[in-house]
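Since the structure comes first, as structure tokens, the remarks are kept for the end.
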Amino acid sequence: MGGRYIYLRDNTDGKFWSTSWMPVRSALDEYTCRHGMGYTIIRSVSRQIEAETCYFVPVGENLEIWELTLTNLRKTTADISIFSAVEFCLWDASDDSTNFQRNFSTGQVEFVDEVIYHKTEYRERRDHYAYFACSEKLAGFDTQREAFLGRYRGWDSPAVVEAGESSDSIAYGWQPIGSHHIKVQLKTGESKQIVFILGYQENPKEAKFDPPGSQVINKKPVKRTIAKYLQPKNVEAAFDVLRDYWIELLGKFQVNTPDEHTNRMVNIWNAYQCMITFNLSRSASYFESGIGRGMGFRDSNQDLLGFVHMIPESARERIMDLAATQLGNGGAFHQYQPLTKRGNNDVGSGFNDDPAWLVLAVAAYLKETGDWAILDAPVPYENEHGSETPLYEHLQRSLQYTLDRLGPNNLPLIGRADWNDCLNLNCFSDTPGQSFQTTTNKEGRVAESVFIAGLFVLAAKEMVEIARHRQNKGDSAKMQQAARQMEETVWKSGWDGEWFRRAYDDFGHVLGSKDNEEGQIFIEPQGICIWAGLGVEDGRAKKALDSVAKYLATPHGIVLQQPAFSQYYLHLGEISSYPPGYKENAGIFCHTNPWIMIAETKIGRGDQAHDYYTRINPSKREEISELHKCEPYVYSQMIAGRDAPTPGEAKNSWLSGTAAMNYVAITQAILGIQPQYDGLEIKPVIPSKWQGFEAIRHFRGVRYEVSVIRKGTGNRVSLLVEGKNVPGTVIPLPDQGVRILKVTAYIG
Ligand code: BGC
Ligand code: NOJ
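Per numbering that gives the first Met the number 0, numbering through the sequence shown is continuous, rising by one, with the last residue being 747.
See below:
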């Protein structure tokens with residue numbers, strides 16, 4: 000679907016304006032746009048006519064509602080024409096914008112009972128169509144773009160709107176659109192509601208046509224839906240359902256802390272963004288090409304960490320989908336296509352960190368739900384029927400994948416890249432336009448990643464717990480040994496004295512070390528290794544985090560590495576392709592900042608953790624919106640680093656792993672409310688000046704009402720559950736039937 004428009008025309012003098020996404024001909028006195036949970040309201044006042052449209056998708060429906068309310072603020076009666084307009088996509092976004100020799104000759108519509116049906120290619124292999132309906136009697140309609148816009152004219156001044164008369168065009172080839180024309184007379188102060196429905200329908204192949212054998216779309220399945228939603232009372236009811244849906248989802252975790260920016264993000268927007276990233280991953284947006292990029296394996300596993308408490312059943316399904324794309328050797332397709340649920344061959348595999356994220360996602364799911372049976376569920380490899388093994392084995396193969404690919408220092412081989420998609424140490428590309436993600440010119444038997452080593456330790460420690468729960472002592476001991484061994488390797492080859500190193504390149508040279516001129520220190524290994532527990536007891540974690548504060552932290556967040564790469568290095572790949580200060584080349588790649596927040600809480604520094612949290616918190620950054628530029632309620636992938644000319648300027652909002660990671664950092668590490676295998680843990684590491692906070696957390700069917708009260712300056716926790724002392728920090732699972740638990744946590 001292309002643009003969506005609502006035009007108004009004053010029929011007394013022929014003046015017209017748009018009141019929708021695009022305020023053209025802005026004779027507008029006022030124009031506002033408000034986003035809520037799952038809806039958008041656009042309001043405008045022009046020529047004393049107020050127009051407010053609420054756009055939303057009812058829960059469980061494949062349709063979009065536009066509920067327009069027009070109000071006459073004049074002292075006289077208004078004679079107004081309303082024109083809706085949508086530009087239909089011919090179902091294949093890439094072909095639509097390139098293959099005009101074919102697609103200018105395929106378009107087809109039907110106009111029946113005043114409803115516009117878009118049915119391009121329905122005559123052949125497609126069995127889906129779109130429909131666009133309106134609650135009012137029509138004065139006319141259009142379905143052909145050129146008839147509506149007029150020759151050499153654009154969406155800013157459609158000829159039909161200017162003339163005040165539709166042409167009742169029926170598209171046959173060219174560019175199908177949908178437009179309704181409605182005429183209304185509004186008395187002084189009078190309001191009128193008009194509903195438009197833009198829907199999508201799939202028919203079973205055998206019931207495509209009505210009557211069978213004809214070329215006419217079978218519209219029976221949508222007729223009731225259309226009739227239902229053209230009634231304003233049903234639209235309002237659907238809106239209430241949408242609101243309640245979000246109240247329920249967001250209600251699963253609510254906090255009241257002394258910081259309004261924490262509250263706003265945790266209670267509303269961060270959780271909402273987690274839902275969006277979970278649903279769309281990095282596809283379907285203007286920032287990532289929605290047609291080229293599927294669901295990232297790593298991305299989707301990480302997104303799950305911030306979403307699993309909202310709808311665990313969907314998280315379970317996602318785990319199954321992801322695991323089913325896994326390769327038999329434990330590796331993973333880097334992406335899979337959401338519609339076919341198959342691995343994306345064009346991008347392939349070889350991002351050697353990918354499989355380990357599956358372990359973290361499953362661990363998070365188990366902790367949230369206690370659904371241990373998932374581990375026995377049979378799941379195929381590469382979607383191949385007959386290759387099924389229990390999910391548990393997928394996890395084991397995930398970790399074995401790392402162990403099977405160790406390099407000269409016994410660190411994990413990096414493959415195409417690790418979390419840092421742009422650290423392409425085997426790519427060696429000197430051809431413009433070549434994909435850094437898929438080009439591999441080296442055998443990949445030398446370049447190693449300290450990041451994957453840290454990630455392995457983190458994931459292996461989860462496997463130790465998981466195996467223990469399954470009473471599998473052998474697996475548990477084996478994983479413990481593998482984690483221990485990997486830690487030793489990191490201390491031997493991955494520790495630089497003041498921080499963790501980043502990698503070894505194809506020549507065996509270190510990266511992320513004081514011995515480098517550029518790229519001396521990277522954020523990722525500091526975050527992941529300390530999160531995995533390395534150096535927490537012996538002071539080396541503190542040393543590394545002090546180095547982060549000294550070399551990487553800026554007022555706008557923590558940059559990815561320093562010093563930035565000043566030129567393109569063949570042996571480093573895409574990371575050095577960006578100008579200094581942007582993206583992976585020393586930008587503030589927000590996704591990594593929460594790892595440092597988590598690491599800071601591991602060494603008990605709540606002030607530092609929350610300070611880092613605040614630096615990238617969009618709600619807080621609203622104070623500097625002129626610089627920040629992105630929405631003040633949603634995390635961006637990147638904020639320009641200190642080497643860029645505009646440090647603090649954000650880019651690529653919405654679809655970023657920052658959402659889930661930040662949610663984990665603030666809710667589980669800083670506020671410290673963390674699901675564990677055997678119960679809910681309360682272990683806050685909050686700023687010293689906070690006297691405490693309150694939280695409601697729904698966990699395994701129980702509502703936990705938590706009060707955290709500061710008694711001293713430290714982080715030691717004493718728990719009272721329903722007035723009784725509970726040792727440690729984990730609240731044991733209550734007896735069946737218990738619905739509410741009151742918890743007080745004293746910290747000091
Ligand atoms: C971006 C990365 C991204 C990669 C894969 C690169 O251009 O900088 O952040 O992960 O493309 O799409
Ligand atoms: C964006 C990708 O979606 C994410 O998975 C990756 O880790 C970052 N880029 C860093 O390169």
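Here a beta-carbon is modelled for each residue, glycine too, at the ideal position from N, C-alpha and C. Treat the numbers as computed from the prediction; the structure is a model and nothing was measured.
Query: For P354: DSSP bridge partner residues; Result: The partner list for P354 (beta bridge, DSSP) is empty, contrary to what the question assumes.
Query: Simplified DSSP assignment, three categories, for M294; Result: strand
Query: Status (buried if at least 16 other CB within 10 Å, exposed otherwise) for I739; Result: exposed
Query: Three CB pairs or more closer than 8 Å across the stretch 682-692 and the stretch 603-613; Result: yes
Query: Secondary structure, beta strand (DSSP E): runs of 3+ residues fully inside the stretch 120-168; Result: 127-133, 139-143
Query: DSSP state of V254 mapped onto helix, strand, coil; Result: strand
Query: Beta carbon of A84 nearer than 8 Å to that of F15; Result: no
Query: K232 beta carbon less than 8 Å from that of S80; Result: no
Query: Boundaries (first-last residue) of the beta strand (DSSP E) holding D9; Result: 3-9
Query: For F564, three-class secondary structure by DSSP; Result: coil
Query: Cβ neighbour criterion (16 or more within 10 Å) applied to D12; Result: exposed
Query: Inter-residue CB distance, H127 and Y199 (contact presumed, cutoff 8 Å); Result: 7 Å
Query: Beta-ladder partner(s) of Y30, from DSSP; Result: S43
Query: Counterpart residues of Q433 in DSSP-defined beta bridges; Result: The partner list for Q433 (beta bridge, DSSP) is empty, contrary to what the question assumes.
Query: Between the CA atoms of G507 and A659 - distance to the nearest angstrom; Result: 34 Å
Query: For S618 and M264, believed in contact at Cβ under 8 Å, the rounded distance; Result: 6 Å
Query: In DSSP terms, what I64 is bridged to; Result: F55, I196
Query: E523 Cβ short of 7 Å to the ligand BGC heavy atom set; Result: no
Query: Segment contact, 8 Å Cβ cut-off, at least three pairs: the stretch 361-368 with the stretch 301-313; Result: yes
Query: Neighbourhood of M596 by C-beta, 7 Å cutoff - its chain only, sequence neighbours within 5 removed; Result: A608, Y611, Y612, A664, A668, I669
Query: Three-pair Cβ contact test at 8 Å for the stretch 501-516 versus the stretch 548-555; Result: no
Query: DSSP-derived helix/strand/coil call for F499; Result: strand
Query: Assigned secondary structure, I373 (DSSP; H/G/I helix, E/B strand, else coil); Result: helix
Query: Proximity below 8 Å, CB of R500 to CB of P524; Result: yes
Query: Any non-hydrogen atom of the ligand BGC closer than 7 Å to C589 Cβ; Result: no
Query: For G718: DSSP bridge partner residues; Result: The question names Gly, yet the displayed sequence has Leu at residue 718. DSSP lists V725, A744 as partners of L718.
Query: C-beta atoms of E367 and P674 nearer than 8 Å; Result: yes
Query: For N515, three-class secondary structure by DSSP; Result: coil
Query: Pairwise C-alpha distance: M319 and C279; Result: It should be pointed out that residue 279 corresponds to Leu in this sequence rather than to Cys. If I take the Cα positions, the gap works out to 17 Å.
Query: Reduced DSSP category for P22 - H, G, I as helix; E, B as strand; rest coil; Result: Because P22 sits at a pLDDT of 49, beneath the cut-off of 50, its placement in the model cannot be relied upon, and the following sentence gives the value as read from the coordinates. In the structure shown, P22 sits in coil (DSSP, three-state: anything other than H, G, I, E or B).
Query: Separation of P726 from S284, as counted between CA atoms; Result: 48 Å
Query: Distance CB(G526)-CB(T437) smaller than 8 Å; Result: no
Query: Cβ distance (whole Å) where A643 is taken to contact C629 below 8 Å; Result: Actually they do not touch by this definition, with Cβ atoms about 15 Å apart.
Query: Nearest-angstrom Cβ-Cβ length linking I695 and V742, presumed shorter than 8 Å; Result: With a Cβ gap of about 11 Å, I695 and V742 do not count as contacting.
Query: Inter-residue Cα distance where the pair is P220 and E120; Result: 19 Å
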